[in-house]
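> Got a structure here, written out as structure tokens. Questions coming.
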Amino acid sequence: MGSPSSLLFLTFAFVLSSLSSTSSIPNPELFTQCLEANSENPIPFSTTFFTPNHNASFTSVLDSTAQNLRYLLPSMPKPAFIFTPLEDSHVQAAVICANKLKIHFRVRSGGHDYEGLSFVSLIEQPFMIIDLAKLRAIQVDIAHNTAWIEVGATLGEVYYRISEKSPVHAFPAGVCPSVGVGGHITGGGYGSLHRKYGLAIDNVIDARIVDANGNILDRKAMGEDLFWAIRGGGGGSFGIILSWKIKLVQVPPVVTVFTINKTLEQNANKILHKWQQVAPNIDEDLFFMVEIRGVNSSTPGKRTVQTTYIGRYLGTANRLLQLMAEKFPELGLTKKDCWETSWIKSVPYIYGFPNTTSPEILIQRTISDKVYMKNKVDYMRQVIPEIALNSIWNIFMQDDEPVMVWVPYGGMMNRISESALPYPHRKGVLFKSQYIARWNDGEKSMEKHMSWVRRFYNFMTPYASRFPREAYVNYRDLDLGMNQFNQTSFLRSSTWGFKYFKDNFIRLMKVKYEVDPSNLFRHEQSIPPLPLKSNKD
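Anchor point for the sequence shown: position 137 equals 137 in UniProt numbering, and the numbering is continuous, going up by one each time.
Rendered as structure tokens:
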């Protein structure tokens with residue numbers, strides 16, 4: 001990147017370039033007047049504009065899709081108002097007016113942001129929310145294997161609408177049906193098909209976005225640099241996505257799902273050690289993750305570790321049983337453990353619903369339990385030795401209801417370059433490991449649970465990826481660092497930027513400077529603008 005003196009200049013220029021105009025105190029009347037003046041079509045404000053003092057439904061709208069109750073506590077900052085656009089021109093107008101009136105804003109589609117950044121601003125108040133939940137149209141084109149999906153739609157709605165048109169088409173994205181497609185895809189979007197077809201971002205072929213000037217751009221108009229950045233560079237940095245054009249993939253008429261539990265008393269350590277070697281390398285038609293929890297032991301008064309293997313195979317049970325007998329007999333999968341079904345019926349099952357659950361549940365937007373939580377994540381590039389597992393369980397079981405989820409990689413993920421898109425966690429990753437602290441009594445026990453998950457994350461350091469210790473931008477973690485109010489620095493942002501994006505972080509900062517040099521779209525971990533010269537200069 002140049003000599004030490006040029007690096008110093010870039011750092012200084014970077015600080016200057018990332019300064020933003022201080023937000024003003026929002027005036028609801030001025031904002032709605034501005035919206036009317038800049039929107040192509042009338043806006044019914046009685047059903048789209050909510051303030052805490054004038055709308056009884058303000059709190060219900062704020063809480064509606066917010067998943068982490070920790071960010072709904074009374075001590076958390078609340079928006080001055082919420083705007084829920086009904087069409088694209090309303091979003092355009094909101095961006096134009098927020099920029100003109102210097103109102104800081106957050107953008108929410110599904111509300112699953114682990115650190116609540118889509119509906120809470122910790123470093124900049126006052127602020128407003130642009131809530132895209134009403135932009136949820138889905139247009140499926142089976143003849144061309146594509147679909148246009150608006151960002152307020154949930155993954156469950158997308159899966160269900162595709163299945164209405166075809167039982168053998170799908171989209172490779174997340175397991176949780178209530179996640180909004182807006183934020184999910186901007187960060188990468190892994191799921192039960194990524195070993196076969198890659199991430200959600202690997203199957204996006206066009207998009208529509210409102211930029212910092214209030215223009216609506218498709219792929220051709222935005223250019224390939226911005227189109228690259230929005231597919232994996234995280235939400236809230238480059239503009240407001242309105243819709244994605246996705247490529248559909250093929251699934252067979254019959255898939256097979258299974259669930260098997262193994263406790264420590266049932267040889268869980270040996271099986272889990274073998275899983276690390278098998279799951280990333282087995283036939284890519286098979287995806288099987290592991291949920292690890294603390295449960296009551298068969299011995300009264302004692303607790304133990306339970307590992308739950310949840311899988312989906314793109315094929316029949318007989319083929320799956322042959323594969324597992326050859327590659328992983330230790331798991332002990334039998335015919336009675338297997339359930340043959342259609343792709344769409346397997347979706348609720350993989351999430352955790354009974355196999356009697358109707359697929360119609362996927363179009364219910366509030367099927368996820370809301371809890372207080374703190375999550376952290378690692379990417380594992382080496383097998384954790386079996387001998388180390390018991391020491392891990394000693395720390396793991398110090399929480400009341402500890403949860404850890406291991407998600408296998410490999411397959412297609414090994415064949416996509418880590419610089420192809422901003423999401424870099426590709427070749428060589430064996431599995432993703434997520435650590436979850438959950439509780440129900442608000443601030444009363446919050447510190448205890450958050451301290452535990454941080455302590456457990458630190459304990460896992462020897463087994464995690466390193467240089468950098470990789471993290472997932474869709475599992476935001478403010479422990480990794482935050483931008484400062486109205487300014488940032490290369491050193492400050494790099495503490496989290498390289499963990500999320502590795503070397504792609506440099507290109508993301510350059511794209512940010514090209515499309516949003518004034519840093520209109522910003523939050524605690526947004527991409528800062530960095531004026532880097534190209535190699536041609």
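Glycine is no exception: its CB is placed at the ideal position from the N, C-alpha and C atoms.
Rounded C-beta distance between K376 and V453? I'm assuming under 8 angstroms.
Right, their Cβ atoms sit about 6 angstroms apart.
> Can you tell which of E514, V473, D503, L491 has the C-alpha that lies nearest to the C-alpha of S526?
Residue V473 is the option with its Cα nearest to S526.
> May I have the straight-line CA-CA distance separating G187 from V403, to the nearest angstrom?
Between G187 and V403, the C-alpha separation is close to 23 angstroms.
> Would you list the one or two residues that DSSP bridges to C338?
In the DSSP output, where bridge partners are listed per residue, C338 has F258.
> From what residue to what residue does the beta strand (DSSP E) around G183 run?
Not the beta strand (DSSP E): G183 falls in the alpha helix (DSSP H), residues 181-187.
> Excluding five sequence neighbours on each side, which residues of the same chain lie with their C-beta closer than 6 angstroms to the C-beta of E291?
Hits under 6 angstroms: T308, V405.
> I'd like the ranges of any alpha helix (DSSP H) spanning at least 4 consecutive residues and lying wholly in the segment 91-172.
Complete alpha helix (DSSP H) runs here, min 4: 155-165.
> Kindly indicate which three-state DSSP category D63 falls into: helix, strand or coil?
Of the three classes helix, strand and coil, the one that applies to D63 here is helix, per DSSP.
> Buried or exposed for A325, going by 16 or more other Cβ atoms inside 10 Å?
Under this definition A325 is an exposed residue.
> So, at 7 angstroms on beta carbons, what are the nonlocal neighbours of I173 in its own chain, with the 5 sequence-adjacent residues on each side left out?
Reading the sequence as shown, one finds Ala at residue 173 and not Ile. Within the same chain, A173 has close Cβ partners L155, H184, G189, G191, A200.
> Are the CB atoms of T146 and I246 nearer to each other than 8 angstroms?
In this structure, I246 lies closer than 8 angstroms to T146 by Cβ.
> My assumption, with CB atoms under 8 angstroms, is that F490 sits in contact with F498. Please give the rounded CB distance.
The pair is not a contact, with the Cβ atoms about 11 angstroms apart (cut-off 8 angstroms).
> Taking the alpha-carbon of Y500 as reference, which of M446, L72, L480 has the nearest alpha-carbon?
Selected option, being the one with the closest Cα: L480.
> Residues in the same chain with beta-carbon distance under 6 angstroms from M482, minus the five sequence neighbours each way, listed in chain order, please.
Closer than 6 angstroms at Cβ, skipping near neighbours: E524.
> Excluding sequence positions up to five away, which residues of its chain have a Cβ less than 7 angstroms from the Cβ of L333?
Excluding sequence neighbours, L333 sits near F258, I260, L321, M324.
> Over what stretch of residues does the beta strand (DSSP E) that includes L242 continue unbroken?
Per DSSP, L242 belongs to the beta strand (DSSP E) from 240-247.
> Count the other CB atoms, across all protein chains shown, that sit within 10 Å of the CB of D225; report buried if there are 16 or more and exposed otherwise.
Classification for D225: exposed.
> Within its chain, find whatever has a CB closer than 6 angstroms to the CB of E40; leave out the 5 residues flanking it on each side and keep chain order.
Here the set comprises S89.
> Touch check for the segment 272-291 and the segment 415-434: three-plus C-beta pairs under 8 angstroms?
Touching, yes.
> Roughly how many whole angstroms lie between the Cα atoms of L132 and E87?
Spanning the two alpha carbons is a distance of roughly 9 angstroms.
> Check for me: the beta strand (DSSP E) holding E224 runs from which residue to which?
Premise fails: E224 lies in the alpha helix (DSSP H), 224-230, not in any beta strand (DSSP E).
> Thinking A143 and Y159 are a contact (beta carbons under 8 angstroms), I'd like their distance in whole angstroms, please.
Wrong, their Cβ atoms sit about 19 angstroms apart, outside the cutoff.
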